[in-house]
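Start counting the sequence shown at 3; every next residue gets the next number (the numbering used here).
Every residue gets a Cβ at the ideal spot worked out from N, C-alpha and C, and that includes glycine.
Here is the structure we will look at, set down as structure tokens.
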Amino acid sequence: NKGRCKGAVFVKGKMAKYHFNKSLVLNVFLTVFLYFNYGVDADSNIMKNLSLKFGEAMSICKAELNLPDSINEDFYNFWKPDYELQHRETGCMIHCLSTKLNLIDPEGKLHHGKAKEFAMSHGADEGMAQQLIDIIHNCENSTPQNEDGCLMVLAVAKCFKVEIHKLNWTPSMDMVVGEVLAES
Numbered sequence: 003n004k005g006r007c008k009g010a011v012f013v014k015g016k017m018a019k020y021h022f023n024k025s026l027v028l029n030v031f032l033t034v035f036l037y038f039n040y041g042v043d044a045d046s047n048i049m050k051n052l053s054l055k056f057g058e059a060m061s062i063c064k065a066e067l068n069l070p071d072s073i074n075e076d077f078y079n080f081w082k083p084d085y086e087l088q089h090r091e092t093g094c095m096i097h098c099l100s101t102k103l104n105l106i107d108p109e110g111k112l113h114h115g116k117a118k119e120f121a122m123s124h125g126a127d128e129g130m131a132q133q134l135i136d137i138i139h140n141c142e143n144s145t146p147q148n149e150d151g152c153l154m155v156l157a158v159a160k161c162f163k164v165e166i167h168k169l170n171w172t173p174s175m176d177m178v179v180g181e182v183l184a185e186s
């Protein structure tokens, strides 16, 4: 299957098999971007709800993949321009999140209708949703194939981050964390 990468993910000695598809990466980064970005300009209730939902999915994935708490550092620092994403497990987490948020089909392919609906239900207009899809599609196409699906997702994440910075769309993680802490 063209554009598909099959691999095993080993985290703390535990193996989980994943089938990665480049369109999956679109789904993943659309998820990460929307959860961390759209609350920035929206009211605090939307931000709070998005942050809490994302946090719930992260907790589930962290437990399923047996990931250490240190994985949170990559997500907290994701949008910082000087922070370099390097941990393979971050790619594994992003794949898991996209699955938990039902944005991919059983074959591991992006469900375009659900992805667009998801983006628009979290504040994006049709143009913005399409722009996000285009950014990720371009990142997918410029990322070399990698048999390790987690590393492939991580490479696309790095590209996506650069492109979002170029658009000056990066959110403030301090606000995201503040909302989560205020709710707990």
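In terms of residue numbering, what span does the alpha helix (DSSP H) encompassing residue i cover?
i             : result
lysine 82     : No alpha helix (DSSP H) holds lysine 82; DSSP gives it neither H nor E.
glutamate 91  : 90 to 102
alanine 157   : 151 to 168
lysine 72     : It should be pointed out that residue 72 corresponds to serine in this sequence rather than to lysine. Note, serine 72: premise wrong, no alpha helix (DSSP H); not H, not E.
aspartate 136 : 128 to 144
How big is the Cα-Cα spacing for residue i and residue j?
i                 : j                : result
cysteine 63       : phenylalanine 77 : 13 angstroms
leucine 69        : glutamate 58     : 15 angstroms
glutamine 147     : methionine 122   : 30 angstroms
tyrosine 85       : cysteine 94      : 19 angstroms
serine 61         : aspartate 71     : 10 angstroms
leucine 169       : alanine 117      : 21 angstroms
lysine 4          : alanine 126      : Bear in mind that a pLDDT of 37 at lysine 4, under 50, signals an unreliable position, so the model cannot answer this.
glutamine 132     : lysine 160       : 20 angstroms
phenylalanine 120 : isoleucine 96    : 16 angstroms
methionine 130    : glutamate 75     : 28 angstroms
arginine 90       : asparagine 140   : 21 angstroms
proline 83        : glycine 115      : 31 angstroms
glycine 151       : histidine 124    : 28 angstroms
phenylalanine 154 : glutamate 128    : Per the sequence shown, residue 154 should be read as methionine rather than phenylalanine. Answer to the nearest angstrom: the Cα atoms are 28 angstroms apart.
isoleucine 166    : asparagine 79    : 14 angstroms
Can you check whether the CB of residue j is closer than 8 angstroms to the CB of residue i?
i                 : j              : result
glutamate 66      : cysteine 98    : yes
leucine 156       : leucine 103    : no
valine 158        : glutamate 142  : yes
phenylalanine 162 : isoleucine 137 : yes
threonine 172     : tryptophan 81  : yes
threonine 92      : isoleucine 73  : yes
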